[in-house]
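Novice:
Numbering (our numbering), first residue to last: 13 to 658.
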């Protein structure tokens, strides 16, 4: 079956431009004006700067120490941004924003080519404004880049599996072509039907080589891309073995089939697993290509660090993350299932009906003939990897973010098909009631924001309260507009537009104006002034990575007053520093400052800053002190201010 020549390709340039524009509006505003958030962002940004300044693009270091947290791809991308746009926190965030937009285009391709142009657009929009994806697309971390390479690899795997299944099924494929029927309300031309037919998605050498290239780039970015691919490969191969035999068996032996379902599924899956389709991936050439791309960096890093960097990477990122709660992030199984309702917001309300929708389509339990293969692939993409990550001990919300791509596609397909009455999963009474819960959550978020900022208005920060009130008003607008358009074709678009406006207001007006988030940047700027006057810099107690970045790096960090006094020359109140002593400006927290007072150490307060320790959400006050007086006539005043006097 060939598509007529007068039928155009399913995709449109205006869709691509719309998605790029939406990505730019969502992910670019505020990148430079909002300070880096502790602790991951400054670690990545500073490691990239040290790599850029040193010219050593092999070994990543943070504050002069080996950084085994990630392979070098993200640092290379940040170095490129530094070279073009200069060294800054915003430049470090640019790769995440650019690759996030690339991921949206991949989602448009994956969903549109199989479910129709409208589904492709809706899936891209849903992913673009989902809460966790927005956050990661604006952070100077490796996750957004990893998601792009993983999505590209999974998309090409989908093409390989699909083309192989088309060849094996023969005419059966054409009986279940993936075009959706035209609904009476849609008229004679339906954009949903603008999909490529299965046999037209050929998969040859270019696709195979690009697949292995994406695998290699994913490994160089974070290393877990092969895990997602391998889990889906096993699931697809095993499912291909038992699905055909199971269908007829259950129909003929329903009572017995229910009892033997689990053991028979396992047996048939392993005995009849179909692996032949993997030949489409040209592994004989692809695996050497991956090694050719990976080995040079691994060999160079091994040589420069005598194997220490690679060993630390394997120990930290493979052994400890899978067997212990690394960095106090150990959670029981079910963690990701519990948090997805917040991290996939505002579309998490669709997860239950979309799950029912995809399972019913995969099992062919519909009165209309659909091609089940896309739904089988989506299940193989989501379920095995989700289970694996639930079993790993170390859990962070962003670990399963690559699985939000198929979630967005499934939700978009359920929504679009419901418009054309091809599915009834959104017609349930409980989903109508969910409108009020969904809208109420937006109102609660607005109320919490106003209550939080109300106290700030009493301290004279009226401008901050006004900005927050504008954001709160936009949150109310999202809830009201979304509630009015609920379960209509306009609902995803109205929600996306109003939520985008909220996110832009938050990025441009609210976050840059919160003084507590600027602590490290303001303190770092002040410390650089002392550095220009010949002072060496250090920090004790307050060891946030943002301070390292905003002081230009090479900042000694000490956990206690004892460590500070061991390396930085301070004297007791009755003594004086010998002539020629090194001048220091040190950032200390309350605990270290109190310890210095208790030890009767002479120090000179130059400035102080209050803010929030973002990593823990706790208030903190940082005091800048020097070991010598900056202005002799202020010496008594500064010492009196700290309670230290001769």
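Yeah, the Cβ is synthetic: ideal placement off N, Cα and C, and Gly gets one too.
What's the C-alpha gap between residue 418 and residue 581?
Specialist: 58 angstroms
Novice: How about residue 27 and residue 133: do their beta carbons lie closer than 8 angstroms?
Specialist: yes
Novice: Is it true that the region 102–110 meets the region 146–159, where meeting means three or more beta-carbon pairs spaced less than 8 angstroms apart?
Specialist: yes
Novice: Take the Cβ of residue 171 as the centre, count every other Cβ of all protein chains shown within 10 Å, and call the residue buried at 16 or more, exposed below.
Specialist: buried
Novice: Say yes only if the C-beta of residue 599 is nearer than 7 angstroms to one or more non-hydrogen atoms of the ligand ADP, and no if none qualify.
Specialist: Here there are no bound small molecules, and the ligand ADP is not part of this structure.
Novice: Between residue 116 and residue 164, is the Cβ-Cβ spacing less than 8 angstroms?
Specialist: The answer is no: Cβ separation not under 8 angstroms.
Novice: Check for me: the beta strand (DSSP E) holding residue 622 runs from which residue to which?
Specialist: Residue range 616–625 is occupied by the beta strand (DSSP E) that includes residue 622.
Novice: Where residue 24 and residue 447 are concerned, what is the direct C-alpha to C-alpha distance, given to the nearest angstrom?
Specialist: 33 angstroms
Novice: Under the rule that 16 or more other beta-carbon atoms within 10 Å means buried, what is residue 56, buried or exposed?
Specialist: So residue 56 ends up on the buried side.
Novice: Does the region 308–317 come close enough to the region 371–378 to have 3 or more Cβ pairs within less than 8 angstroms?
Specialist: no
Novice: Mind checking residue 659: buried by the 16 CB within 10 Å criterion, or exposed?
Specialist: This structure cannot settle anything about residue 659, because the visible part of the chain is limited to 13 through 658.
Novice: So within the region 83–163, which uninterrupted alpha helix (DSSP H) runs reach at least 4 residues, ignoring any that extend past its ends?
Specialist: 85–97, 101–127, 129–141, 143–149
Novice: Suppose the cutoff is 7 angstroms on Cβ atoms and the five residues either side in sequence are ignored; what does the same chain contact list for residue 497 look like?
Specialist: So the qualifying residues of the chain are 503, 506.
Novice: Could you check what DSSP says for residue 426 in three-state terms: helix, strand or coil?
Specialist: Residue 426: helix per DSSP, three-state reduction.
Novice: Return the residue from the list 335, 69, 96, 219 that minimises the CA-CA distance to residue 404.
Specialist: 335
Novice: DSSP three-state label for residue 77, please.
Specialist: strand
Novice: So, at 6 angstroms on beta carbons, what are the nonlocal neighbours of residue 425 in its own chain, with the 5 sequence-adjacent residues on each side left out?
Specialist: Exclusion of the five residues before and after residue 425 leaves 127, 131 as the residues of its chain whose Cβ lies within less than 6 angstroms of its Cβ.
Novice: Taking 8 angstroms as the cut-off, decide whether the C-beta atoms of residue 422 and residue 474 are in contact.
Specialist: no
Novice: Quick check on the DSSP output: what are the complete alpha helix (DSSP H) runs of length 4 or more inside the region 438–501, in order along the chain?
Specialist: 441–470, 474–496
Novice: Could you give the residue range of the beta strand (DSSP E) that holds residue 596?
Specialist: Membership of residue 596 in the beta strand (DSSP E) is indicated by the continuous run 596–600.
Novice: Under the three-state reduction of DSSP, which class applies to residue 634: helix, strand or coil?
Specialist: strand
Novice: Given a threshold of 16 other Cβ atoms within 10 Å of its Cβ, counted over all protein chains shown, does residue 618 qualify as buried or as exposed?
Specialist: buried
Novice: Quick check for students: name the residue ranges of the alpha helix (DSSP H) that lie wholly in the region 517–573, counting only runs of 4 or more.
Specialist: Qualifying alpha helix (DSSP H) stretches, in chain order: 531–544, 557–562.
Novice: Tell me, please, which residues DSSP counts as bridged to residue 342.
Specialist: Note: residue 342 sits in a beta bridge opposite 406.
Novice: What does DSSP give as the partner residues of residue 584 in its beta bridges?
Specialist: Paired residue(s): 613.
Novice: Less than 6 angstroms between C-beta atoms, sequence neighbours within five positions excluded: which residues of the same chain meet that for residue 229?
Specialist: For residue 229, where only same-chain residues beyond five positions count, the Cβ hits under 6 angstroms are 161.
Novice: Using 10 angstroms around the beta-carbon of residue 359, count the other beta-carbons present and answer buried if the total reaches 16, otherwise exposed.
Specialist: buried
Novice: I'd like to know whether the C-beta atoms of residue 120 and residue 140 end up nearer to each other than 8 angstroms.
Specialist: no
Novice: Tell me the rounded alpha-carbon separation between residue 166 and residue 393.
Specialist: 8 angstroms
Novice: For the candidate residues 609, 597, 97, 623, whose alpha-carbon lies nearest to that of residue 642?
Specialist: Answer by Cα proximity: 597.
Novice: Since residue 599 and residue 636 are thought to touch, with beta carbons under 8 angstroms apart, how far apart are those beta carbons, to the nearest angstrom?
Specialist: 6 angstroms
Novice: Enumerate in chain order the residues of its own chain whose CB-to-CB distance from residue 389 is below 8 angstroms, with the five nearest sequence positions on each side excluded.
Specialist: 170, 173, 174, 244, 248
Novice: Just reading off the alpha helix (DSSP H) that residue 26 is part of, what are its end residues?
Specialist: 25–39
Novice: Return the residue from the list 151, 168, 585, 58 that minimises the CA-CA distance to residue 293.
Specialist: Nearest to residue 293 by C-alpha distance, out of 151, 168, 585, 58, is 168.
Novice: With a CB to CB cut of under 6 angstroms and the five nearest residues on each side skipped, what residues in its chain are close to residue 613?
Specialist: Taken in chain order, the residues that qualify are 582.
Novice: Taking the alpha carbon of residue 430 as the point to measure from, which residue in 382, 451, 501 has its own alpha carbon closest?
Specialist: 501
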